[in-house]
Amino acid sequence: MKRITIPALVAIMLLLCQSLSFAAVSQFTGTWKNTDPNTAGVTKLSITGNGNSLKMRAWGKCHPQDCDWGEVNAYAYAPGVSSNIDQNAQAVSALFSTSFSQTLVIVRPNSRSTIRADIYTRFTDNSGRSNYTASYTFNRQLIVGPIGPIGPIRPMPSVEEDCISFNPSTVTVKNLDGRWTIVDGNHLMFNFGPNRTEALQALRIIKHYRMNSSCFVGRPDPSFQYLLVNGRAPQGNMPGEDCVSFNPNSIEVRNIGGSWKIVDGSHWVFDFGSKEDEARKAFAIIKKHGFTRSCFVGRPDPSFQYLKK
């Protein structure tokens, strides 16, 4: 494979500057199908791996079947040199080479279940053909295993929850060694680093709903956190909330690209990486409490998350 040229690097930088939101690398991984079934260009993409070791495979329109371009190294791009690339990837690129051309593919998130791929093809055979560019939108393809016989439906077992109680009337925000923190007496609850505004917004949310339990799945490094009000899901609304809705009756636990996720149709709701047990426990907790909305403070890299009905 040849080195990426200066024009290709310029193209990558222009696309990064245009992007308005960040995404986890898991937003890119998976199998993707062109939304246009009649496209004459790239029909399918497959992206696998993690932020430091990605692979991309592409297929182009051919007859009688699509042409496999093969698998090449791919590279994720974060918004800054110190950013966590797995959590804040903004684009993924890969370069496909043949004996007569180079094709640069730059992928960016388009929605929760779609991506946009910008394609730059440069001819290297002195044929006189014009280099060209194209853009395509792709839908995520969920991989569903074979369905076996359905046995008798059993009630979901009770879930043992890991919760810490606190008093919403006495919680406050304090600056501890330069880190804005929500505390309840000597109990350090939530750390917001330098983000005082986000800490105060989270405090307002806790007090508004009178949340009094902070709960976890997978401590000491929890993959899932939520808050309760007297053992139940928070309910109602608060002005200025940033929430995403999902249907607790249609969510499923799926393994997508080697990562265990809770999905609602084609939408990813929560990502647990390799932790299948924690994904299934979180699934049972969502069902138990009937959560319907996942809410955030400080996206695209939220400092505080909560669920409610």
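If you use mature numbering (1 follows the signal peptide of the UniProt record, and there is no 0), the sequence shown corresponds to residues -23 to -1, 1 to 286, in order.
All residues carry an ideal CB built from backbone N, CA and C; glycine is no exception.
Output yes or no for whether 8 Å exceeds the beta carbon distance between VAL148 and ILE183.
-> Sequence index remark: in the sequence shown, residue 148 carries index 171 (1-based). Sequence index remark: in the sequence shown, residue 183 carries index 206 (1-based). For VAL148 and ILE183, yes; Cβs fall inside 8 Å.
Thinking just about the alpha-carbon of each residue, which of PHE115, ASN65, GLY234 and ASN152 is nearest to the one in THR6?
-> As a position in the sequence shown, residue 6 is number 29, starting the count at 1. Of the residues PHE115, ASN65, GLY234 and ASN152, the one whose Cα lies closest to the Cα of THR6 is GLY234.
Cβ neighbour criterion (16 or more within 10 Å) applied to SER280 | Against the sequence shown, residue 280 aligns to sequence position 303. SER280 sits buried, since 16 or more C-beta atoms from the chains shown fall within 10 Å of its C-beta.
Under a Cβ-count criterion, where at least 16 other Cβ atoms within 10 Å of its own Cβ denotes burial, should SER142 be classed as buried or exposed?
-> Taking the first residue of the sequence shown as position 1, residue 142 is located at position 165. Answer is exposed; the Cβ neighbour count stays below 16.
Span of the alpha helix (DSSP H) around GLN64 | On the sequence shown, residue 64 is found 87 positions in, with the first residue counted as 1. In the DSSP assignment, GLN64 falls within the alpha helix (DSSP H) that extends over 62 to 65.
Are the segment 86 to 102 and the segment 251 to 260 touching, with three or more C-beta to C-beta distances below 8 Å?
-> The segment 86 to 102 vs the segment 251 to 260: no contact.
With a floor of 3 residues, list each beta strand (DSSP E) that falls wholly inside the segment 129 to 163, ordered by position along the chain.
-> Secondary structure remark: continuous beta strand (DSSP E) runs of at least 3 residues inside the segment 129 to 163, in chain order: 139 to 142, 149 to 153 and 156 to 161.
Take every Cβ of the segment 153 to 171, pair it with every Cβ of the segment 216 to 225, and state whether three or more of those distances are shorter than 8 Å.
-> Segments in contact, no.
Taking the alpha-carbon positions, what's the ARG85 to VAL69 distance?
-> By one-based count along the sequence shown, residue 85 stands at place 108. By one-based count along the sequence shown, residue 69 stands at place 92. So the two alpha carbons sit approximately 7 Å from each other.
Alpha carbon of TYR113 to alpha carbon of THR12, nearest angstrom = Locating residue 113 in the sequence shown gives position 136, where the first residue counts as 1. Locating residue 12 in the sequence shown gives position 35, where the first residue counts as 1. Straight-line Cα distance between these residues: approximately 8 Å.
GLN212 in three-state terms, based on DSSP | The count along the sequence shown starts at 1 and reaches residue 212 at position 235. The three-state secondary structure of GLN212, taken from DSSP, is coil.
Would you report the Cα separation of THR80 and SER74, rounded to the nearest angstrom?
-> To locate residue 80, count along the sequence shown from 1; it is residue 103. To locate residue 74, count along the sequence shown from 1; it is residue 97. Using only the alpha carbons, I get a separation of about 6 Å.
So residue 300 and GLY18 are in contact, right, with Cβ under 8 Å, and what is the actual spacing, rounded?
-> A query on residue 300 cannot be resolved here, the shown segment of the chain reaching from -23 to 286 and no further.
Tell me where the beta strand (DSSP E) around LEU119 begins and ends.
-> For this step, residue 119 is matched to residue 142 along the sequence shown. First-last for LEU119: undefined, no H or E at that position.
In the segment 71 to 120, which residue ranges form an unbroken beta strand (DSSP E) of at least 3 residues, counting only runs that do not cross its ends?
-> Assignment of beta strand (DSSP E) within the segment 71 to 120, counting only whole runs of 3 or more residues, yields 78 to 86, 91 to 100 and 109 to 118 in chain order.
Secondary structure at SER(-3), three-state DSSP: helix, strand or coil?
-> Position 21 of the sequence shown, counting from 1, holds the residue named residue -3. Unreliable positioning characterises SER(-3) in this predicted model, as indicated by a pLDDT of 47, which lies under 50. The coordinate reading is nonetheless provided below. Coil.
Just to confirm, are TYR186 and LEU284 a CB contact at a threshold of 8 Å?
-> Your numbering for residue 186 matches position 209 in the sequence shown. Your numbering for residue 284 matches position 307 in the sequence shown. No.
Buried/exposed call for VAL58, threshold 16 Cβ in 10 Å = In the sequence shown, residue 58 corresponds to position 81, counting from 1. Burial call: exposed.
Length of the line joining the Cα atoms of ASN108 and SER236 | Your numbering for residue 108 matches position 131 in the sequence shown. Your numbering for residue 236 matches position 259 in the sequence shown. The straight-line gap from Cα to Cα measures roughly 38 Å.
Between ARG276 and GLN282, what straight-line distance do the alpha-carbon atoms span, to the nearest angstrom?
-> Here residue 276 refers to the residue found at position 299 of the sequence shown. Here residue 282 refers to the residue found at position 305 of the sequence shown. Taking the straight line joining both Cα atoms gives about 10 Å.
Cβ-Cβ separation, LYS238 to ASP248 (assumed contact under 8 Å), whole Å | Walking along the sequence shown from the start, residue 248 turns up at place 271. Walking along the sequence shown from the start, residue 238 turns up at place 261. About 5 Å separates the two Cβ atoms, so the contact holds.
Ordered along the chain, which non-local residues of its own chain (more than five positions away) have a Cβ less than 6 Å from that of ARG34?
-> Position 57 of the sequence shown holds residue 34. Taken in chain order, the residues that qualify are SER23 and GLU48.
Assigned secondary structure, PHE201 (DSSP; H/G/I helix, E/B strand, else coil) | In the sequence shown, counting from the first residue as 1, residue 201 sits at position 224. Three-state result, PHE201: strand.
Which residue's Cα is closest to the Cα of ARG181: LEU165, ASP198 and PRO216?
-> Taking the first residue of the sequence shown as position 1, residue 181 is located at position 204. Nearest C-alpha to ARG181: PRO216.
Can you tell me whether DSSP reads PHE169 as helix, strand or coil?
-> On the sequence shown, position 192 is the one that residue 169 refers to. In the three-state reduction of the DSSP assignment, PHE169 falls in the coil class.
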